[in-house]
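Colleague: Before I ask anything, let me first share the structure, which is written out below as structure tokens.
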Amino acid sequence: MAEYKKPEMLTDTPFHYCPGCTHGIVHRLIAEAAEEVGASKDAIGIAPVGCAVFAYNYFKCDMLQAAHGRAPAVATGVRRARPDNLIFVYQGDGDLASIGMAETVHAATRGENITVIFINNGIYGMTGGQMAPTTMAGQKTTTSQSGRDVKTHGNPIKICELLATLDGPCYIARTSMHDVKHIRETKAAIVKAFKKQQEKKGFSLIEILSTCPTNFHLSPKASLDYIRDTAVNFYPLGVFKEI
Amino acid sequence: MKKLWKGNEAVAEAAIAAGCRCFFGYPITPQNEIPEYMSRRMGEVGGSFVQAESEVAAINMVYGAGGAGARAMTSSSSPGISLKQEGISYIAGAQVPCVIVNMMRAGPGLGGIQPSQSDYFQATKGGGHGDYHMLVYAPSGVQEAADLTYKAFDKADKYRSPVMILGDGMLGQMCEAAEIPPARQLKDLPEKPWAASGNGGKAQRIINSIYMSPDTLEAHNRELFDIYAEMEKETAWEEYKTSDAEIIVVAYGTVARIAKAAVNSSRENGIKVGLIRPITLYPFPSKAIADAAQKRSVKCVLTVELSMGQMVEDVRLAVNGRKPTPFFGRTGGNVTTPQEISAQIKANGEKYGAKSAAAKEK
Ligand SMILES: Cc1ncc(C[n+]2csc(CCOP(=O)(O)OP(=O)(O)O)c2C)c(N)n1
Ligand code: SF4
Chain A
1 MAEYKKPEML
11 TDTPFHYCPG
21 CTHGIVHRLI
31 AEAAEEVGAS
41 KDAIGIAPVG
51 CAVFAYNYFK
61 CDMLQAAHGR
71 APAVATGVRR
81 ARPDNLIFVY
91 QGDGDLASIG
101 MAETVHAATR
111 GENITVIFIN
121 NGIYGMTGGQ
131 MAPTTMAGQK
141 TTTSQSGRDV
151 KTHGNPIKIC
161 ELLATLDGPC
171 YIARTSMHDV
181 KHIRETKAAI
191 VKAFKKQQEK
201 KGFSLIEILS
211 TCPTNFHLSP
221 KASLDYIRDT
231 AVNFYPLGVF
241 KEI
Chain B
1001 MKKLWKGNEA
1011 VAEAAIAAGC
1021 RCFFGYPITP
1031 QNEIPEYMSR
1041 RMGEVGGSFV
1051 QAESEVAAIN
1061 MVYGAGGAGA
1071 RAMTSSSSPG
1081 ISLKQEGISY
1091 IAGAQVPCVI
1101 VNMMRAGPGL
1111 GGIQPSQSDY
1121 FQATKGGGHG
1131 DYHMLVYAPS
1141 GVQEAADLTY
1151 KAFDKADKYR
1161 SPVMILGDGM
1171 LGQMCEAAEI
1181 PPARQLKDLP
1191 EKPWAASGNG
1201 GKAQRIINSI
1211 YMSPDTLEAH
1221 NRELFDIYAE
1231 MEKETAWEEY
1241 KTSDAEIIVV
1251 AYGTVARIAK
1261 AAVNSSRENG
1271 IKVGLIRPIT
1281 LYPFPSKAIA
1291 DAAQKRSVKC
1301 VLTVELSMGQ
1311 MVEDVRLAVN
1321 GRKPTPFFGR
1331 TGGNVTTPQE
1341 ISAQIKANGE
1351 KYGAKSAAAK
1361 EK
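In the order they appear, the protein sequences are chains A and B.
If you count the first sequence from 1, position 95 lands on 95 in our numbering, and the numbers rise without skipping.
If you count the second sequence from 1, position 277 lands on 1277 in our numbering, and the numbers rise without skipping.
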């Protein structure tokens, strides 16, 4: 029987995330995946500005904390200095798809050999629930209080679909955290991305539909159901590019 | 061996000689020869050149490469350096060694591509947000640009701090005979046990600048300022014909060379004038200027810059009211001439009672 224990790559520091937030589970999946591909000890992580800003407290590997949106550029610099280490970049949707869009698209199109773990919770978590570039039409946030109106707020952005049009990426996939089956699929996708990175195939990104119960104003369970019933319809799951 | 080098290319080759193997740039005149040169040379020396998507990305690539232990550099000119300021603040906060070159052009805004010195405040007073400084070198010629760039990498590592080479379009574009310092062996460069280069399962290294507790952040900032105090010993300047001078001109970079020509021609006319040329702008050679101003023979301290007056504020702080501190500047990309400066020397000398400058009846 398989033994269930904490991955070696994680520290004993308790996660500071709100109850029911899926950030912590994704951290664990990254650690499990890095161990599975045998790269956890020499991995280098890049933490974003957002709720995961303290990610370096939870991973034992070396880490750099990047300015808001700049993690793919920081990872590019690390990659040029360290050609062989496993490099993972962890970013939220405000960080990646708004302020850091140029860095995202260009790291992807350069085919920079890094793996981006993209947490799409449809909201700015850390700053208190403002509209994100991924907030869906009709979704209420503190800066779209009657629900996002695409006529005035503009449309949300679909990162996987966009990046899949580029030549640089080797693997672009969207997964979800709303139940055990999908959590397992998320881990499998991260493992696959890490392996491709080890094969030096280029840029990979896993967009993970996640929850922010605090700013959704929903219970942890209702937040997961919201992803299952609403978010996956707008953000279809699957592999958008693979080579 | 001396060769004819363009300023920008001498800076690039000196960086490679110093062991820089990661360069991140973005096109902007008048520094384009640096990324162009690096794009050719980095491949030859097994290094990495990235033409970044923006100056914002380039400085963050420097943060990554420097944070992972490499000698890393970026170059730009004024508007691009403005874009890098957030990144420079992070680099200073996270104590990542690196070299940043600014070949200044005229501003504000898009300004013009002609030489200027109007980024002095930005370079020496912080530039980005938060309490920080960096070592700023102001070379006045191609040889010195190569030598200071070479040295900048050692100082960046020593103090774990960004170091800026502050030149201008004139320096970047002019050609002079220069010798590039000898190439460093990468294996002889200092070890960086703090770098996030992959720890092999040993103690974790973190490159960051976030401190949530005010006490911890205050302690960190005080540590940074202890380092800046330590950096005082890097203060460098040149004094030229100051010993008997009644008028002291203060100028840096290419302007100091123009001022030197003015000093020489004024001397031929019997005016006792000397030059103090700051080589480091941060730390600023305040003591040298204060000591000069202190002398009874000195009647005034004239600052000359290609700006509306920026370094002159530091000169005035140094002189501290002991003597008059007139200012002469050209701006917008206009470059001053020896004749203009000579006229300023004469006029200010007369105004503030320098006997050697007094109008002589013929
Ligand atoms: C340049 C800059 N602008 C704004 C901020 C403020 N800020 C901190 S976190 C954040 C949003 C993070 O949201 P997201 O990326 O979606 O991550 P989450 O917190 O939801 O995990 C913002 C705007 C900042 N730190 N820096
Ligand atoms: S604010 Fe939202 S994203 Fe941030 S930790 Fe809490 S639940 Fe998670």
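Backbone N, C-alpha and C define an ideal beta-carbon position, used for all residues, glycine too.
Should methionine 63(A) and isoleucine 1091(B) be called a contact, given that it needs their Cβ atoms to be closer than 8 Å?
Modeller: As a first step, residue 63(A) must be located in the first sequence, where it is residue number 63. As a first step, residue 1091(B) must be located in the second sequence, where it is residue number 91. Contact: no.
Colleague: Given a threshold of 16 other Cβ atoms within 10 Å of its Cβ, counted over all protein chains shown, does cysteine 212(A) qualify as buried or as exposed?
Modeller: Position 212 of the first sequence, counting from 1, holds the residue named residue 212(A). Buried: at least 16 other Cβ atoms inside 10 Å.
Colleague: Shortest alpha-carbon distance to serine 1082(B) belongs to which of Gly1067(B), Gly1066(B), Tyr1252(B) and Ala1106(B)?
Modeller: As a working mapping, residue 1082(B) is identified with position 82 in the second sequence. Residue Ala1106(B) is the option with its Cα nearest to serine 1082(B).
Colleague: Contact criterion: CB-CB distance below 8 Å. Does alanine 102(A) meet it with respect to chain B?
Modeller: Here residue 102(A) is taken as the residue at index 102 of the first sequence, counted from 1. Closer than 8 Å: yes.
Colleague: Smallest Cα separation from glutamate 1246(B): which of Val1298(B), Ala1261(B), Leu1302(B) and Tyr1252(B)?
Modeller: As a working note, residue 1246(B) is residue 246 in the second sequence. Measuring from the Cα of glutamate 1246(B), the nearest candidate turns out to be Val1298(B).
Colleague: Regarding threonine 143(A) and ligand 2, is the C-beta to nearest heavy atom distance less than 7 Å?
Modeller: For the purposes of this step, residue 143(A) is identified with residue 143 of the first sequence, where counting begins at 1. No, ligand 2 has no heavy atom inside 7 Å of this Cβ.
Colleague: Please report the straight-line C-alpha distance between lysine 181(A) and glutamate 112(A), rounded to a whole angstrom.
Modeller: Here the question's residue 181(A) lines up with position 181 in the first sequence. Here the question's residue 112(A) lines up with position 112 in the first sequence. If I take the Cα positions, the gap works out to 30 Å.
Colleague: So, at 6 Å on beta carbons, what are the nonlocal neighbours of alanine 1290(B) in its own chain, with the 5 sequence-adjacent residues on each side left out?
Modeller: Taking the first residue of the second sequence as 1, we reach residue 1290(B) at position 290. Cβ within range, chain order: Ala1318.
Colleague: Measuring straight from C-alpha to C-alpha, what distance separates cysteine 1020(B) and isoleucine 227(A)?
Modeller: For the purposes of this step, residue 1020(B) is taken as residue 20 along the second sequence, with counting starting at 1. For the purposes of this step, residue 227(A) is taken as residue 227 along the first sequence, with counting starting at 1. Their Cα atoms are separated by approximately 48 Å.
Colleague: Comparing the C-beta of glycine 1130(B) with each C-beta of chain A, is any distance below 8 Å?
Modeller: Numbered from 1 along the second sequence, position 130 holds the residue referred to as residue 1130(B). Glycine 1130(B) does not count as touching chain A.
Colleague: Check whether the region 1122-1132 of chain B and the region 1182-1190 of chain B touch, using three or more Cβ-Cβ pairs below 8 Å as the test.
Modeller: Touching, no, given that fewer than three Cβ pairs across the two stretches are closer than 8 Å.
Colleague: Have a look at Tyr56(A), Cys51(A), Glu3(A) and Ala75(A) and flag the residue whose alpha-carbon is nearest the alpha-carbon of asparagine 120(A).
Modeller: Here residue 120(A) refers to the residue found at position 120 of the first sequence. Among Tyr56(A), Cys51(A), Glu3(A) and Ala75(A), the Cα nearest to that of asparagine 120(A) belongs to Cys51(A).
Colleague: Kindly confirm or deny that the region 204-218 of chain A and the region 1140-1156 of chain B touch, where touching means at least three C-beta pairs closer than 8 Å.
Modeller: No, the region 204-218 of chain A is not in contact with the region 1140-1156 of chain B.
Colleague: So, helix, strand or coil for lysine 255(A), using DSSP?
Modeller: No information on residue 255(A) is available, as it lies outside the stretch 1 to 243 that chain A covers here.
Colleague: State buried or exposed for valine 78(A), treating a residue as buried only when at least 16 other CB atoms are found within 10 Å of its CB.
Modeller: Your numbering for residue 78(A) matches position 78 in the first sequence. Answer is buried; the Cβ neighbour count reaches 16.
Colleague: So threonine 127(A) packs on asparagine 57(A), CB below 8 Å; how close in whole Å?
Modeller: The sequence position of residue 127(A) within the first sequence is 127, counting from 1. The sequence position of residue 57(A) within the first sequence is 57, counting from 1. At roughly 20 Å, the Cβ-Cβ gap does not stay under 8 Å, so threonine 127(A) and asparagine 57(A) are not in contact.
Colleague: Here's a check: name, in chain order, each residue in its chain whose Cβ is nearer than 7 Å to the Cβ of arginine 1330(B), leaving out the five neighbours to either side.
Modeller: Residue 1330(B) sits at position 330 when you count from the first residue of the second sequence. The residues are Leu1306 and Thr1336.
Colleague: Taking Cβ-Cβ distances shorter than 9 Å, what residues in chain B pair up with glycine 168(A)?
Modeller: Your numbering for residue 168(A) matches position 168 in the first sequence. Result: empty, since nearest Cβ-Cβ is about 12 Å, beyond 9 Å.
Colleague: Just how far apart, CA to CA, sit threonine 143(A) and aspartate 149(A)?
Modeller: In the first sequence, the residue the question calls residue 143(A) occupies position 143. In the first sequence, the residue the question calls residue 149(A) occupies position 149. Taking the straight line from one Cα to the other gives about 11 Å.
Colleague: Could you give the first and the last residue of the continuous beta strand (DSSP E) run that contains isoleucine 119(A)?
Modeller: Locating residue 119(A) in the first sequence gives position 119, where the first residue counts as 1. Segment 115-120, the beta strand (DSSP E) holding isoleucine 119(A).
Colleague: Alanine 1357(B) CB to nearest chain A CB: under 8 Å?
Modeller: Position 357 of the second sequence, counting from 1, holds the residue named residue 1357(B). No, its Cβ sits nowhere closer than 8 Å to a Cβ of chain A.
Colleague: Just grab the DSSP bridge partners of isoleucine 1091(B) for me.
Modeller: Here residue 1091(B) refers to the residue found at position 91 when the second sequence is read from its first residue. Bridge partners of isoleucine 1091(B): none, in fact.
Colleague: Between which two residues does the alpha helix (DSSP H) containing tyrosine 1150(B) stretch?
Modeller: Within the second sequence, residue 1150(B) is the residue found at index 150, counting from 1. Taken as a continuous stretch (DSSP letters only), the alpha helix (DSSP H) holding tyrosine 1150(B) covers 1142-1159.
Colleague: Just reading off the beta strand (DSSP E) that asparagine 1102(B) is part of, what are its end residues?
Modeller: For the purposes of this step, residue 1102(B) is taken as residue 102 along the second sequence, with counting starting at 1. Element bounds for asparagine 1102(B): 1098-1106.
Colleague: Is DSSP giving valine 1312(B) helix, strand or coil here?
Modeller: Sequence index remark: in the second sequence, residue 1312(B) carries index 312 (1-based). If DSSP states are grouped into helix, strand and coil, valine 1312(B) belongs with the helices.
Colleague: Please state the DSSP three-state secondary structure of alanine 173(A).
Modeller: The residue you call residue 173(A) lines up with position 173 of the first sequence. The answer is strand: DSSP assigns alanine 173(A) an E or B state.
Colleague: Give the DSSP bridge partners of phenylalanine 59(A), in chain order.
Modeller: Position 59 of the first sequence, counting from 1, holds the residue named residue 59(A). Phenylalanine 59(A) is bridged to Leu10(A).
Colleague: If you measure between the beta carbons of histidine 23(A) and valine 49(A), is that distance less than 8 Å?
Modeller: Position 23 of the first sequence, counted from the first residue, corresponds to residue 23(A). Position 49 of the first sequence, counted from the first residue, corresponds to residue 49(A). No, the Cβ-Cβ distance between histidine 23(A) and valine 49(A) is not below 8 Å.
Colleague: Is methionine 1212(B) near ligand 2, judged by its Cβ being under 7 Å from some heavy atom?
Modeller: Here residue 1212(B) refers to the residue found at position 212 when the second sequence is read from its first residue. No - ligand 2 has no heavy atom lying nearer than 7 Å to the Cβ of methionine 1212(B).
Colleague: According to DSSP, which residues form a beta bridge with glutamate 242(A)?
Modeller: Taking the first residue of the first sequence as position 1, residue 242(A) is located at position 242. BP columns for glutamate 242(A) point to Tyr171(A).
Colleague: Residues of chain B with CB closer than 7 Å to the CB of valine 232(A), please, in chain order.
Modeller: Stepping through the first sequence from its first residue, residue 232(A) is reached at position 232. Those do not exist, as valine 232(A) stays about 32 Å from chain B at its closest Cβ, beyond 7 Å.
Colleague: Output needed for proline 1181(B): all residues of its chain with C-beta closer than 8 Å, excluding positions within five of it in sequence on either side, in chain order.
Modeller: Working through the second sequence from its first residue, we reach residue 1181(B) at position 181. Closer than 8 Å at the Cβ level, and outside the excluded window around proline 1181(B), lie Ala1014, Ala1017, Ala1018, Ala1146, Asp1147 and Tyr1150.
Colleague: Could you name each continuous alpha helix (DSSP H) segment of 4 residues or more that falls completely within the region 1162-1247 of chain B, going from the start of the chain to the end?
Modeller: As far as the region 1162-1247 of chain B is concerned, its whole alpha helix (DSSP H) runs of at least 4 residues are 1169-1173 and 1214-1231.
Colleague: Checking contacts by CB at 8 Å: is histidine 106(A) closer than that to chain B?
Modeller: Mapped onto the first sequence, residue 106(A) falls at position 106. Chain B contact via Cβ: present.
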